[in-house]
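K.L.:
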């Protein structure tokens, strides 16, 4: 009995931690990368923090569009805080190990916040659709109660489903290699390390992606098709320009987030190269939150005016 037990222990290793390889293939760049990501993270905190403050305190920004923008900026801070501090610690200490539980928690929060971001982007597109296509009914349709409900649903709708998805991923048997060739814990590299049949969980991951990523994207697409159709019918050029300018910032953020995310998850496995995937993963978790305040402040006169009031010098 003891011999069988010893043999089983030798043939079956339970993974208790993972090694996030990150950018370990660039050993001479660790200090430089630490500095770059530290500056980016501080800019994300300051830029999005300023957007939150001005959308709360400036009377001219007490509209649904800026209410959603303030929530979106807070979401961006939370989203990046799930990945960047851990990445900075790994670059500084060169340790790179993450416990099984910490990896599960990171994956869970990453997915919950990513789903909330997709849903909130769809809500913001709907807000622009109502403002441009149904301007007379806008105050009635997008009243404060409706706006609060839309934000709450965006934040909480995915929580039970994505907690269950994370549980399913980490219930897989990890009995061999524990090196994740990624910058944070994510389903695709984790499933690659799992032993045994992973078909069911891969189907579940794809279904969740359809619900929380593809469906909001289609809603955004439908909203903008109707918006563009309405804008093209406007008689004056200045009217068309003004209407489109209220949507352009949102469109740029959507393009950055969905463009980089789709490259990561639709990258063909036959020609799989880890470095491009890692770089584009940083786009939707780091670069989009970094550019969000810049896009909204540089292309929005109301935001620039509010910033001048808050920071007169």
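Numbering (the numbering used here), first residue to last: 1085 to 1397. Backbone N, C-alpha and C fix where the C-beta goes; we use that ideal spot for every residue, glycine too.
(1) Taking the CB atoms as reference points, tell me whether residue 1238 and residue 1180 lie closer together than 8 Å.
(2) Where does residue 1331 fall in DSSP's three states?
(3) For residue 1089, which three-state DSSP category applies?
(4) Quick one: what's residue 1192 bridged to in DSSP?
(5) Provide the residue span of the alpha helix (DSSP H) that contains residue 1139, from first to last.
(6) Establish whether the CB of residue 1391 and some CB of chain B are separated by less than 8 Å.
(7) Report the rounded CA-to-CA distance for residue 1101 versus residue 1260, giving the unit in angstroms.
(8) With DSSP as the reference, label residue 1399 as helix, strand or coil.
(9) What is the DSSP secondary structure of residue 1181, reduced to helix, strand or coil?
(10) Once the 5 residues before and after residue 1193 are set aside, which same chain residues still bring their CB inside 6 Å of it?
(11) In the DSSP assignment, what are the bridge partners of residue 1103?
(12) Would you list the one or two residues that DSSP bridges to residue 1279?
(13) Could you check where the alpha helix (DSSP H) with residue 1391 kicks off and where it finishes?
(14) Taking the alpha-carbon positions, what's the residue 1380 to residue 1133 distance?
(15) Go through its chain and collect everything with a Cβ distance to residue 1389's Cβ below 6 Å, but skip five positions before and after it.
(16) Does the separation of the CB atoms of residue 1191 and residue 1284 fall below 8 Å?
(17) Need the endpoints of the alpha helix (DSSP H) that residue 1367 sits in, please.
(18) Within this structure, are the beta carbons of residue 1201 and residue 1341 separated by less than 8 Å?
(19) Just to confirm, are residue 1225 and residue 1327 a CB contact at a threshold of 8 Å?
(20) Beta-carbon within less than 7 Å of residue 1188's beta-carbon, same chain only, minus the 5 sequence neighbours each way: which residues are those?
P.N.:
Based on what the coordinates show:
(1) no
(2) helix
(3) In this prediction, residue 1089 scores a pLDDT of 40, lower than 50, which makes its location untrustworthy; no coordinate-derived value is stated.
(4) None, per the DSSP bridge assignment.
(5) Taken as a continuous stretch (DSSP letters only), the alpha helix (DSSP H) holding residue 1139 covers 1114-1141.
(6) Protein chain content of the structure displayed is limited to a single chain, and chain B is not contained in it.
(7) 11 Å
(8) This structure gives no information on residue 1399, because the portion of the chain shown stretches from 1085 to 1397.
(9) strand
(10) 1166
(11) Looking at the DSSP output, residue 1103 shares a beta bridge with 1181, 1263.
(12) 1257
(13) 1385-1394
(14) 13 Å
(15) none
(16) no
(17) Careful: residue 1367 lies outside any alpha helix (DSSP H) and carries neither H nor E.
(18) A contact, by the Cβ cut-off of 8 Å.
(19) no
(20) 1250, 1254
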